[in-house]
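Trainee: Residue numbering for the sequence shown follows UniProt numbering, beginning at 1 and increasing consecutively.
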Amino acid sequence: MLCAFFVQMFYYLYFYLALGKYLKNDQGESNFSYPPVSVIICAKNESKNLEKHLPAVLEQEYSAPFQVIVVNDASEDTSELVLARLKERYANLYFTSIPYDKKFRHGKKLALTLGVKAAKYEHLLFTDADCEPVDKYWIKEMVQGFSLGKDIVLGYGPYKKQKGFINLWQRYDTFQIAIQYLSFALRGIPYMAVGRNMAYKKSLFYNNQGFKSHQHILSGDDDLFIRDAANKNNVAIVALLHSQTRSVPVKSFKEWKRQKKRHLTTAPYYRFKTKVLLGVEALSRQLLWCISLMSVFFSNFEVFFITIIIVKLAVQYFIQRKIARQIETTELAWGGLLLDFILPLVTGLLLISGKRQANRNKWT
Numbered sequence: 001m002l003c004a005f006f007v008q009m010f011y012y013l014y015f016y017l018a019l020g021k022y023l024k025n026d027q028g029e030s031n032f033s034y035p036p037v038s039v040i041i042c043a044k045n046e047s048k049n050l051e052k053h054l055p056a057v058l059e060q061e062y063s064a065p066f067q068v069i070v071v072n073d074a075s076e077d078t079s080e081l082v083l084a085r086l087k088e089r090y091a092n093l094y095f096t097s098i099p100y101d102k103k104f105r106h107g108k109k110l111a112l113t114l115g116v117k118a119a120k121y122e123h124l125l126f127t128d129a130d131c132e133p134v135d136k137y138w139i140k141e142m143v144q145g146f147s148l149g150k151d152i153v154l155g156y157g158p159y160k161k162q163k164g165f166i167n168l169w170q171r172y173d174t175f176q177i178a179i180q181y182l183s184f185a186l187r188g189i190p191y192m193a194v195g196r197n198m199a200y201k202k203s204l205f206y207n208n209q210g211f212k213s214h215q216h217i218l219s220g221d222d223d224l225f226i227r228d229a230a231n232k233n234n235v236a237i238v239a240l241l242h243s244q245t246r247s248v249p250v251k252s253f254k255e256w257k258r259q260k261k262r263h264l265t266t267a268p269y270y271r272f273k274t275k276v277l278l279g280v281e282a283l284s285r286q287l288l289w290c291i292s293l294m295s296v297f298f299s300n301f302e303v304f305f306i307t308i309i310i311v312k313l314a315v316q317y318f319i320q321r322k323i324a325r326q327i328e329t330t331e332l333a334w335g336g337l338l339l340d341f342i343l344p345l346v347t348g349l350l351l352i353s354g355k356r357q358a359n360r361n362k363w364t
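#1: Looking at the unbroken alpha helix (DSSP H) that takes in residue 366, where does it start and where does it end?
#2: Thinking residue 129 and residue 49 are a contact (beta carbons under 8 Å), I'd like their distance in whole angstroms, please.
#3: Between 303, 120, 173, 286, which has its C-alpha nearest residue 68's C-alpha?
#4: Beta carbon of residue 34, beta carbon of residue 124: below 8 Å?
#5: Do you know whose CA, among 343, 105, 115, 32, lies nearest residue 253's CA?
#6: Of the choices 131, 22, 153, whose alpha-carbon is the least far from that of residue 159?
#7: How about residue 235 and residue 185: do their beta carbons lie closer than 8 Å?
#8: Compare the C-beta of residue 264 against all C-beta atoms of chain D and say whether one is closer than 8 Å.
#9: Could you tell me which residues DSSP puts in a beta bridge with residue 196?
#10: Buried or exposed for residue 74, please, with buried defined as at least 16 other CB atoms from any protein chain shown within 10 angstroms of its CB.
#11: Which residue's Cα is closest to the Cα of residue 277: 197, 14, 64?
#12: Where does residue 53 land, buried or exposed, given buried means 16+ other C-beta within 10 angstroms?
#13: Residue 145: which of 106, 51, 99, 31 sits nearest, CA to CA?
#14: Specify, as a first and last residue, the run of the beta strand (DSSP E) that residue 225 falls within.
#15: Since residue 203 is in the beta strand (DSSP E), which residue starts that stretch and which ends it?
#16: Looking at the strands, I want to know which residues DSSP matches up with residue 154.
#17: Compare the C-alpha of residue 367 against each of 167, 291, 115, 183 and name the closest.
#18: Could you give the DSSP three-state label for residue 362: helix, strand or coil?
#19: Spell out a yes or no on whether the region 289-302 and the region 314-334 are touching, meaning 3 or more CB-CB pairs, one atom from each, closer than 8 Å.
#20: Can you tell which of 62, 77, 228 has the C-alpha that lies nearest to the C-alpha of residue 141?
#21: Buried or exposed: which applies to residue 307, given that a residue is buried once 16 or more other Cβ atoms fall within 10 Å of its Cβ?
#22: Starting from residue 25 and walking both ways along the alpha helix (DSSP H), at which residues does that stretch end?
#23: I'd like to know whether the C-beta atoms of residue 45 and residue 76 end up nearer to each other than 8 Å.
#24: What residue range is occupied by the uninterrupted alpha helix (DSSP H) comprising residue 59?
#25: Check whether the region 94-110 touches the region 7-23, counting contact only when three or more Cβ pairs, one atom from each stretch, lie closer than 8 Å.
#26: Going by DSSP, what residue range makes up the beta strand (DSSP E) through residue 94?
#27: To the nearest angstrom, how far is it from the Cα of residue 374 to the Cα of residue 275?
#28: Spatial neighbours of residue 174 within its chain, please: CB distance less than 7 Å, with the 5 preceding and 5 following residues excluded, ordered by chain position.
#29: Within the same chain, show all residues whose beta-carbon is closer than 7 Å to that of residue 78, passing over the 5 residues directly before and after it, in chain order.
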């Protein structure tokens with residue numbers, strides 16, 4: 001039990017605390033010359049979201065030229081008409097369409113590859129059709145990550161705040177995942193990104209032969225690309241408020257579960273070191289809670305075990321609140337006190353059950 005406690009303290013004090021300190025400091029060069037940027041968005045049956053969110057991307061304030069490329073991926077709705085109307089208003093919009101073919105099954109990677117090939121500029125910034133930048137400085141803040149001489153910029157893409165427990169559940173899950181992949185990258189162990197807010201250089205994409213090594217897997221355009229292309233020296237992290245995009249949250253646990261299963265399909269393809277680090281963290285957390293709760297009821301040392309849990313939660317809250325304050329989602333630190341035990345347990349069960357299911361032709 002004490003072993004599990006000290007393992008948890010190691011993760012919080014070595015990985016997560018370092019992230020909180022990093023976010024508090026200036027992360028870019030003040031004399032950075034902003035390069036031209038190609039923003040790439042892949043959309044599948046997203047006509048409503050394109051109409052609602054795309055103008056916020058097209059109207060960004062950025063000192064250098066930028067284009068927005070939308071790849072309409074075999075949509076069966078009115079996406080192409082929406083894009084044609086928007087093209088009349090915005091000269092920096094370019095779009096292309098992949099025809100629908102029920103015999104040709106493909107995932108997001110084909111659309112992304114077409115988007116990269118269509119890009120005029122070396123610096124590529126990615127988001128999704130159902131995402132909206134927090135404000136008009138999103139491109140500037142994300143591209144600032146390149147000022148440190150890096151090839152990849154990992155961003156943060158939270159979900160919009162709404163009422164209800166499911167919303168808290170999804171937002172805290174996203175927050176905790178971001179803490180892990182950002183802090184691991186900061187410590188030289190990059191292992192994933194989120195396709196709704198990430199950037200990298202076009203030359204890096206070609207030098208790594210795009211998605212060739214995992215083209216047979218429908219998912220993984222973000223984290224498996226990071227697995228292959230990232231190293232301890234070429235990744236920057238950007239997560240402060242102005243660099244964020246926000247997505248439409250799910251409405252039910254069933255929707256969250258379906259989405260989560262889809263996101264977990266790439267986990268078995270992570271590097272062995274990454275799987276060990278993530279597995280040990282989740283396992284130590286579960287063991288700490290299970291042993292402590294059982295000991296409180298079935299041993300004579302309940303005060304000791306209660307103290308261990310209180311110390312763990314106090315350290316967790318302090319560090320998560322430090323991070324949450326920097327990215328301006330302070331209320332999520334309280335979510336950890338409610339969901340620290342149950343969320344990784346549910347995620348583990350979904351990971352196990354997900355291995356039994358085939359990949360589906362659906363992506364986010």
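C-beta: ideal position from N, C-alpha, C; glycine also. Computed from a predicted structure; not experimentally measured.
Mentor: On the basis of the coordinates in this document:
#1: Nothing can be reported for residue 366, as the shown portion of the chain is limited to 1 through 364.
#2: A Cβ-Cβ separation of about 5 Å places residue 129 in contact with residue 49 under the 8 Å criterion.
#3: Nearest option by C-alpha distance: 120.
#4: Remark: C-beta atoms of residue 34 and residue 124 do not approach each other more closely than 8 Å.
#5: Answer by Cα proximity: 343.
#6: Comparing alpha-carbon positions, the option among 131, 22, 153 lying closest to residue 159 turns out to be 131.
#7: A distance below 8 Å separates the beta carbons of residue 235 and residue 185.
#8: Annotation note: the requested chain D is absent from the structure, which comprises a single protein chain.
#9: Its beta-bridge partners do not exist; DSSP assigns none.
#10: With 16 or more Cβ atoms within 10 Å of its Cβ, residue 74 is classed as buried.
#11: Comparing Cα-Cα distances from residue 277 to each of 197, 14, 64, the minimum goes to 14.
#12: Of the other Cβ atoms in all chains shown, 16 or more fall within 10 Å of the Cβ of residue 53; this residue is therefore buried.
#13: Among 106, 51, 99, 31, the Cα nearest to that of residue 145 belongs to 31.
#14: Not the beta strand (DSSP E): residue 225 falls in the alpha helix (DSSP H), residues 223-229.
#15: Residue 203: not part of any beta strand (DSSP E); member of the alpha helix (DSSP H) spanning 202-207, first to last residue.
#16: Residue 154 pairs with 198, 237.
#17: Nothing in the structure corresponds to residue 367, since the chain is present only between 1 and 364.
#18: The predicted position of residue 362 is uncertain, since its pLDDT is 47 and thus under 50; a value taken from the coordinates is nonetheless stated next. DSSP places residue 362 in coil when its eight states are reduced to three.
#19: In short, these stretches do not touch, since the Cβ pair count stays below three.
#20: Looking at 62, 77, 228, the one whose alpha-carbon comes closest to that of residue 141 is 62.
#21: Residue 307 comes out exposed.
#22: Per DSSP, residue 25 lies in no alpha helix (DSSP H) and is assigned neither H nor E.
#23: Taking a C-beta distance under 8 Å as the contact criterion, residue 45 and residue 76 qualify as a contact pair.
#24: In the DSSP annotation of this structure, residue 59 is not part of any alpha helix (DSSP H), being labelled neither H nor E.
#25: With fewer than three CB-CB distances shorter than 8 Å, the region 94-110 does not count as touching the region 7-23.
#26: Per DSSP, the unbroken beta strand (DSSP E) holding residue 94 starts and ends at 93-98.
#27: Outside the modelled stretch of the chain, which goes from 1 to 364, sits residue 374, for which no answer is possible.
#28: Counting only Cβ-Cβ distances below 7 Å, and skipping sequence neighbours, we find 158, 159.
#29: Closer than 7 Å at Cβ, skipping near neighbours: 47.
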